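Data first, discussion second: the structure below is written as structure tokens.
Number of protein chains: 2
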Amino acid sequence: MLYNKNILLDAYKNAKYQVTGHGKRDVSVLLDSFSNQSGLEESDMYGSGHIIDSFQEKMAAYLGKESAIFFPSGTMAQQIAMRIWCDEKGIQKVAYHPLCHLEIHEEDGLKELHHIEPVLLSDPNKIIKRDDVVNMKEDVSCLLLELPQREIGGQLPSFEDLQATSDYCREKGIKLHLDGARLFEILPFYNKTAAEVCALFDSVYVSFYKGIGGVAGAILAGPKDFTEKSKVWKRRHGGDLISLYPYILSADFYFDQRVEKMEEYYEGAKELAALYNACEGIRTLPITPVSNMFHVHVQAPKHEMERILADTYAESGVGLTGHLRENGENRCFFEVSLGDNYLAVPNSALKKTFTLLNKKLKTRTLV
Amino acid sequence: MLYNKNILLDAYKNAKYQVTGHGKRDVSVLLDSFSNQSGLEESDMYGSGHIIDSFQEKMAAYLGKESAIFFPSGTMAQQIAMRIWCDEKGIQKVAYHPLCHLEIHEEDGLKELHHIEPVLLSDPNKIIKRDDVVNMKEDVSCLLLELPQREIGGQLPSFEDLQATSDYCREKGIKLHLDGARLFEILPFYNKTAAEVCALFDSVYVSFYKGIGGVAGAILAGPKDFTEKSKVWKRRHGGDLISLYPYILSADFYFDQRVEKMEEYYEGAKELAALYNACEGIRTLPITPVSNMFHVHVQAPKHEMERILADTYAESGVGLTGHLRENGENRCFFEVSLGDNYLAVPNSALKKTFTLLNKKLKTRTLV
Numbered sequence: 030m031l032y033n034k035n036i037l038l039d040a041y042k043n044a045k046y047q048v049t050g051h052g053k054r055d056v057s058v059l060l061d062s063f064s065n066q067s068g069l070e071e072s073d074m075y076g077s078g079h080i081i082d083s084f085q086e087k088m089a090a091y092l093g094k095e096s097a098i099f100f101p102s103g104t105m106a107q108q109i110a111m112r113i114w115c116d117e118k119g120i121q122k123v124a125y126h127p128l129c130h131l132e133i134h135e136e137d138g139l140k141e142l143h144h145i146e147p148v149l150l151s152d153p154n155k156i157i158k159r160d161d162v163v164n165m166k167e168d169v170s171c172l173l174l175e176l177p178q179r180e181i182g183g184q185l186p187s188f189e190d191l192q193a194t195s196d197y198c199r200e201k202g203i204k205l206h207l208d209g210a211r212l213f214e215i216l217p218f219y220n221k222t223a224a225e226v227c228a229l230f231d232s233v234y235v236s237f238y239k240g241i242g243g244v245a246g247a248i249l250a251g252p253k254d255f256t257e258k259s260k261v262w263k264r265r266h267g268g269d270l271i272s273l274y275p276y277i278l279s280a281d282f283y284f285d286q287r288v289e290k291m292e293e294y295y296e297g298a299k300e301l302a303a304l305y306n307a308c309e310g311i312r313t314l315p316i317t318p319v320s321n322m323f324h325v326h327v328q329a330p331k332h333e334m335e336r337i338l339a340d341t342y343a344e345s346g347v348g349l350t351g352h353l354r355e356n357g358e359n360r361c362f363f364e365v366s367l368g369d370n371y372l373a374v375p376n377s378a379l380k381k382t383f384t385l386l387n388k389k390l391k392t393r394t395l396v
Numbered sequence: 030m031l032y033n034k035n036i037l038l039d040a041y042k043n044a045k046y047q048v049t050g051h052g053k054r055d056v057s058v059l060l061d062s063f064s065n066q067s068g069l070e071e072s073d074m075y076g077s078g079h080i081i082d083s084f085q086e087k088m089a090a091y092l093g094k095e096s097a098i099f100f101p102s103g104t105m106a107q108q109i110a111m112r113i114w115c116d117e118k119g120i121q122k123v124a125y126h127p128l129c130h131l132e133i134h135e136e137d138g139l140k141e142l143h144h145i146e147p148v149l150l151s152d153p154n155k156i157i158k159r160d161d162v163v164n165m166k167e168d169v170s171c172l173l174l175e176l177p178q179r180e181i182g183g184q185l186p187s188f189e190d191l192q193a194t195s196d197y198c199r200e201k202g203i204k205l206h207l208d209g210a211r212l213f214e215i216l217p218f219y220n221k222t223a224a225e226v227c228a229l230f231d232s233v234y235v236s237f238y239k240g241i242g243g244v245a246g247a248i249l250a251g252p253k254d255f256t257e258k259s260k261v262w263k264r265r266h267g268g269d270l271i272s273l274y275p276y277i278l279s280a281d282f283y284f285d286q287r288v289e290k291m292e293e294y295y296e297g298a299k300e301l302a303a304l305y306n307a308c309e310g311i312r313t314l315p316i317t318p319v320s321n322m323f324h325v326h327v328q329a330p331k332h333e334m335e336r337i338l339a340d341t342y343a344e345s346g347v348g349l350t351g352h353l354r355e356n357g358e359n360r361c362f363f364e365v366s367l368g369d370n371y372l373a374v375p376n377s378a379l380k381k382t383f384t385l386l387n388k389k390l391k392t393r394t395l396v
């Protein structure tokens with residue numbers, strides 16, 4: 030029989046229910062968010078106009094910052110934030126985690142375009158804590174903290190440690206920048222408002238297509254003189270588009286629809302992680318999620334687990350994930366990020382899925 | 030009476046007919062282009078997927094290039110083109126016109142992000158010709174030609190001179206890049222296909238929100254190894270968005286709708302320019318347009334001309350322009366760019382407008 034490379038993804042898509050995300054990333058994501066638009070509102074024009082101004086003001090207020098600027102992407106927004114803080118201090122070095130988005134997903138834009146050298150803090154498998162910053166030997170202009178640290182399952186420092194890191198950075202003249210790609214998602218765990226978290230940071234980036242589930246786009250917020258400089262760099266990067274409204278209006282629509290649902294996603298993640306952890310050879314990272322996301326680590330080879338999962342979905346009608354990643358020869362893992370889809374899965378179907386999955390995993394270890 | 034700063038723009042907007050452009054840049058531009066979308070098509074994902082692949086292939090074929098990549102903006106696409114050609118030759122210098130978009134509209138992104146030094150060719154008020162290139166003293170990696178040269182009214186070299194420039198550049202190992210922000214618009218004048226014009230160039234950028242009238246977005250086309258590199262730089266710039274489909278699908282929609290209308294816009298521009306040139310104290314640049322655009326130079330102070338134009342629109346119901354720019358104390362000018370709007374203005378109303386305008390201008394000079 031021909032081995033089908035997409036067996037898992039096909040089975041996931043064909044299942045009656047999908048556990049992760051908000052639904053398909055198809056054109057309806059845009060269309061739904063524009064269904065209440067008459068079409069009469071004037072486009073933003075190169076960063077000006079009612080649509081962009083009002084959303085930027087709304088986000089500045091929500092984040093508790095003086096000013097906020099809409100960007101097409103976080104990649105652009107964060108490189109620019111780093112550049113501004115480096116130019117201000119005159120030291121072209123920033124500190125961040127070894128698995129920071131800027132380090133592993135941006136083709137070294139920070140180095141190639143801005144000639145900024147990163148100082149990598151902490152082990153890749155741990156989060157950055159105050160002690161890592163205190164023990165840092167290099168002088169840097171800025172420390173970037175990603176909350177939660179996505180590539181290690183979405184882990185967080187305690188709020189007390191975060192506060193202490195912030196205090197230390199202010200004392201030492203190091204700007205503190207928040208990679209808040211998933212900021213909305215961690216507020217229930219911290220039991221803080223966005224403004225309370227952002228108050229610890231000099232600048233903040235948030236994304237609108239993760240937990241919020243919009244089409245694309247990002248906000249960079251901070252002091253007015255910082256955001257004014259960011260507009261100049263946005264133009265230099267080619268991000269000052271004549272019209273950003275397709276992203277802005279959809280971001281605004283889904284922000285209103287989902288920002289208050291983060292608690293539900295978070296509770297769902299804890300519930301789902303417990304179901305995974307009850308299975309043979311499975312452990313989630315973190316064991317107890319602190320946001321809507323976590324990683325699932327499996328003691329089984331990828332190709333074997335793909336078959337087990339696909340069979341499980343076919344029997345239960347519930348798809349858990351569409352992708353596995355190898356993690357050595359006999360281990361694999363995947364990322365789980367919960368949204369509206371999870372809220373629609375019947376509890377009975379979910380329980381049945383995990384009973385089936387666990388049975389298959391146990392049978393496998395007995396062979 | 031309080032002087033209203035927006036008197037001209039208000040009068041233009043309030044007129045029954047507007048002579049320039051395709052209509053209001055409002056949200057309906059997006060909505061109209063999505064009216065035939067069911068919503069079921071999957072989003073592009075970070076530069077992959079059917080929507081982006083098929084449009085890129087369509088544009089590569091149309092432009093006669095091996096490969097084409099969709100970018101959120103021309104600013105991003107062109108800086109990247111310059112960077113690739115400079116890195117390939119190892120000389121961080123490019124040649125372009127003193128009023129090139131990269132020189133005057135991009136906050137020096139080329140210099141600040143890519144450390145590329147421009148060599149300015151020709152007088153600002155003239156177009157670059159082969160002789161300017163031959164007489165250039167510096168060695169450069171690339172020559173960028175903007176066709177038509179927008180900031181001087183949209184002027185063009187003859188096709189023969191263009192061919193000679195291209196031949197010279199190939200002989201000397203200088204890459205030739207086309208700033209084709211308005212490439213579609215010049216094809217009727219040259220009486221060439223896009224592929225025939227693009228064959229003279231190593232790389233080409235085209236825009237989808239000028240003559241095409243889409244929401245935003247650009248294509249960069251060239252050899253496959255060039256466009257592959259451009260994808261890496263697109264990611265570095267923060268332009269490799271998770272979803273570009275709002276721009277791609279609207280670009281495709283309006284491309285199909287308008288690319289064959291460029292001849293009509295061009296004929297309209299020649300007709301309209303003749304009407305302007307028959308007025309007292311008015312000269313268009315160029316006298317005879319070579320695309321859908323031209324500039325209108327007026328021998329009258331801006332504030333005076335604003336009043337004259339606003340009064341004319343109020344009487345005739347036809348708005349000619351909403352913006353004037355000062356050009357010394359007693360002169361002003363504005364840009365005209367024709368699209369669908371022009372085709373909807375009744376000839377009688379247009380003639381009446383110019384009769385009124387000319388009368389007012391003549392009365393003014395008699396005072």
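Quick note, the sequences are listed as chains A and E, same order.
Every letter in the first sequence is one number past the one before it in my numbering, and letter 37, counting from 1, is 66.
Every letter in the second sequence is one number past the one before it in my numbering, and letter 225, counting from 1, is 254.
Virtual Cβ for every residue (Gly too), placed ideally from N, Cα, C.
Remember, it's a predicted structure, so these values are computed and weren't measured experimentally.
DSSP places residue 294 of chain A within a helical segment (H, G or I) once states are collapsed to three. Contact note: residue 105 of chain A reaches chain E through 266, 267 and 268, using a C-beta cutoff of 8 Å and chain order. Around the beta carbon of residue 318 of chain A, 16 or more other beta carbons sit within 10 angstroms, so the residue counts as buried. If you draw a straight line from the Cα of residue 270 of chain A to the Cα of residue 355 of chain A, it is about 39 Å long. Between residue 181 of chain E and residue 154 of chain E a beta carbon distance of about 6 Å is seen, short of the 8 Å cut, so the two are scored as contacting. Here residue 357 of chain E is exposed. Its C-beta has fewer than 16 other C-beta atoms within 10 Å. Counting only the Cα atoms, residue 241 of chain A lies some 25 Å from residue 39 of chain A. Below 8 Å, enough C-beta pairs join the stretch 307-326 of chain E and the stretch 377-393 of chain E to call them touching: three or more.
Bounds of the alpha helix (DSSP H) holding residue 197 of chain E are 188-201. Looking from the CA of residue 53 of chain E, the closest CA among E:385, E:370, E:386 and E:382 belongs to E:370. The residues 41, 348 and 370, in chain order, have a CB closer than 7 Å to that of residue 47 of chain A in the same chain once the five nearest residues on each side in sequence are set aside. In the same chain as residue 195 of chain A, and ignoring 5 residues on each side of it, the C-beta atoms closer than 6 Å to its own belong to 205 and 229, in chain order. A Cβ-Cβ contact shorter than 7 Å links residue 73 of chain E with residue 273 of chain E.
The criterion of a C-beta distance shorter than 7 Å is not satisfied by residue 279 of chain E and residue 60 of chain E. The C-alpha of residue 246 of chain A is placed about 17 Å away from the C-alpha of residue 214 of chain A.
The beta carbon of residue 55 of chain A sits closer than 7 Å to some beta carbon of chain E. For residue 188 of chain E and residue 80 of chain A, the gap between their C-alpha atoms comes out near 43 Å.
Remark: C-beta atoms of residue 227 of chain E and residue 93 of chain E approach each other more closely than 7 Å. Chain A places a beta carbon closer than 7 Å to that of residue 60 of chain E, counting this residue as a contact. DSSP places residue 234 of chain E in no alpha helix (DSSP H) but in the uninterrupted beta strand (DSSP E) bounded by 232-236.
Partner residues in the beta bridge of residue 322 of chain E, as assigned by DSSP, are E:366. By the CB criterion at 7 Å, residue 63 of chain E and residue 248 of chain E fall outside the cutoff.
Listed as beta-bridge partners of residue 312 of chain A by DSSP are A:326. A direct Cα-Cα distance of roughly 19 Å separates residue 164 of chain A from residue 128 of chain A. Using a 10 angstroms sphere on the CB of residue 316 of chain A, the tally of other CB atoms stays under 16, which defines it as exposed.
Listed along chain A are 142, 143, 265 and 266, each with a C-beta nearer than 8 Å to that of residue 142 of chain E.
Put simply, the CB of residue 244 of chain E is near chain A, with a gap under 7 Å to one of its CB atoms. Straight through space, the alpha carbons of residue 77 of chain E and residue 55 of chain A are spaced by roughly 13 Å. According to the DSSP assignment, residue 335 of chain E belongs to the alpha helix (DSSP H) that extends over 331-345. Nearest in C-alpha terms to residue 198 of chain E, of all of E:159, E:333 and E:327, is E:159. Taking the Cα positions, residue 298 of chain E is about 24 Å away from residue 190 of chain E. Of all residues in the stretch 200-215 of chain E, none places a beta-carbon less than 7 Å from a beta-carbon of chain A.
Against chain E, the CB of residue 261 of chain A has a partner CB under 7 Å away; the residue lies at that interface.
The beta carbon of residue 236 of chain E sits closer than 7 Å to those of 103, 210 and 247, all from its chain and outside the five residues before and after it, given in chain order. Note that the stretch 122-137 of chain E touches the stretch 160-179 of chain E; at least 3 beta-carbon pairs, one per stretch, sit closer than 8 Å.
Closest in C-alpha terms to residue 335 of chain A, from the list A:322, A:314, A:323 and A:363, comes A:363.
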